[in-house]
Amino acid sequence: MTAPGRDERQAAAVRGLARAAMALDRPAMTQTVRTALRRDGVVRAWDGLIVPVLAGIGRKHAASGECVEVEHLLSTVLPGCLAETAPPDRPLNVRPVLLACAPEEQHSLPVHALAAALAEAGVNALVLGARVPPPALAAAIRRAGPNAVFVWSQTAETGDPAWLEALPASRPPHRLVVGGPGWARDRLPAHVAPVTALPEAVTELTSLLGVS
Numbered sequence: 030m031t032a033p034g035r036d037e038r039q040a041a042a043v044r045g046l047a048r049a050a051m052a053l054d055r056p057a058m059t060q061t062v063r064t065a066l067r068r069d070g071v072v073r074a075w076d077g078l079i080v081p082v083l084a085g086i087g088r089k090h091a092a093s094g095e096c097v098e099v100e101h102l103l104s105t106v107l108p109g110c111l112a113e114t115a116p117p118d119r120p121l122n123v124r125p126v127l128l129a130c131a132p133e134e135q136h137s138l139p140v141h142a143l144a145a146a147l148a149e150a151g152v153n154a155l156v157l158g159a160r161v162p163p164p165a166l167a168a169a170i171r172r173a174g175p176n177a178v179f180v181w182s183q184t185a186e187t188g189d190p191a192w193l194e195a196l197p198a199s200r201p202p203h204r205l206v207v208g209g210p211g212w213a214r215d216r217l218p219a220h221v222a223p224v225t226a227l228p229e230a231v232t233e234l235t236s237l238l239g240v241s
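Residue numbers for the sequence shown follow my numbering, so the first one is 30 and each next one is one higher.
And the structure:
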């Protein structure tokens, strides 16, 4: 009898997490996500397990208006699991990476996933969370002197990039990276680097530190 392959294990995990979510079974959700993170790492667990389950719940809600409670509970479980990825004892970067959501953007889960993936890669990141006002992000840049700043926008309502021009410079200069489907990409300032997915964000941010 052969052991199940990665695709088969991943499909079983998706079914298991979806069942646990629909049953509002918090312990089962937590265990399934923890197992995937330990076994596959953050990026694979995010792309192969978490995103498909969230997308499936989103489709159910769009079709019926139901499952709000399912999405909300799963969205409280996931940040805790992702935060269990230990920050590096000896980070590769002296200057941190700042991670924030655009003003009024409440969908912060991708930022927590990115923080966990960067921690796994040995990169120190500071998560400012949801709905970060421009003055607060500007103050964080001045205080922390980051190597890079990442800003997430999930929806078009939060994706106007005009305010990015007013963010302060730092010395040494930092790289400004944005992610998420909300951004009006045709209006991004020339110095801003857009990314489309978690692996690309990790690659972009770690490359700034000379990490392969």
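A virtual CB, placed ideally from N, CA and C, is assigned to each residue, including glycine.
Length of the line joining the Cα atoms of residue i and residue j
| i | j | result |
| --- | --- | --- |
| Leu237 | Pro210 | 23 Å |
| Ser241 | Gly109 | With a pLDDT of 43 at Ser241, under the threshold of 50, the modelled position of that residue is not reliable, and the figure given next carries that caveat. Looking at the two C-alpha atoms, the distance is approximately 28 Å. |
| Arg73 | Thr59 | 17 Å |
| Leu107 | Ala185 | 24 Å |
| Val52 | Val62 | Per the sequence presented here, residue 52 reads as Ala, with Val not at that position. Spanning the two alpha carbons is a distance of roughly 15 Å. |
| Val221 | Glu98 | 36 Å |
| Asp189 | Ala213 | 6 Å |
Element boundaries [beta strand (DSSP E), containing residue i]
| i | result |
| --- | --- |
| Arg160 | Here Arg160 belongs to no beta strand (DSSP E), and DSSP marks it neither H nor E. |
Proximity of residue i and residue j at Cβ, strictly below 8 Å
| i | j | result |
| --- | --- | --- |
| Val126 | Val152 | yes |
| Ala159 | Leu196 | no |
| Val140 | Val123 | no |
| Val231 | His203 | no |
| Glu134 | Ser182 | yes |
Enclosing alpha helix (DSSP H) for residue i [first to last residue]
| i | result |
| --- | --- |
| Pro190 | Segment: none, Pro190 is in no alpha helix (DSSP H) and carries neither H nor E. |
| Gly45 | 35-51 |
| Ala144 | 138-149 |
Own chain, CB closer than 7 Å to residue i, minus 5 neighbours either side, in chain order
| i | result |
| --- | --- |
| Val43 | Leu78, Pro81, Val82 |
| Pro120 | Gly151, Val152, Asn153 |
Sequence-distant residues of the same chain with beta carbon closer than 6 Å to residue i, five excluded per side
| i | result |
| --- | --- |
| Val180 | Ala129, Ala131, Val207 |
| Pro116 | Ala148 |
Nonlocal neighbours in the same chain, by C-beta distance under 8 Å from residue i, ignoring five residues either side
| i | result |
| --- | --- |
| Ser173 | According to the sequence displayed, residue 173 carries Ala and not Ser. Cβ within range, chain order: Arg124, Pro125, Leu127, Leu155. |
| Glu194 | Pro218 |
- Message: List, from N- to C-terminal side, the alpha helix (DSSP H) runs of 4 residues or more that fit wholly inside the region 58-131.
- Response: 71-74, 80-93, 97-112
- Item | Uninterrupted beta strand (DSSP E) stretches inside the region 161-236 (no shorter than 3 residues) | 177-181, 204-208, 221-224
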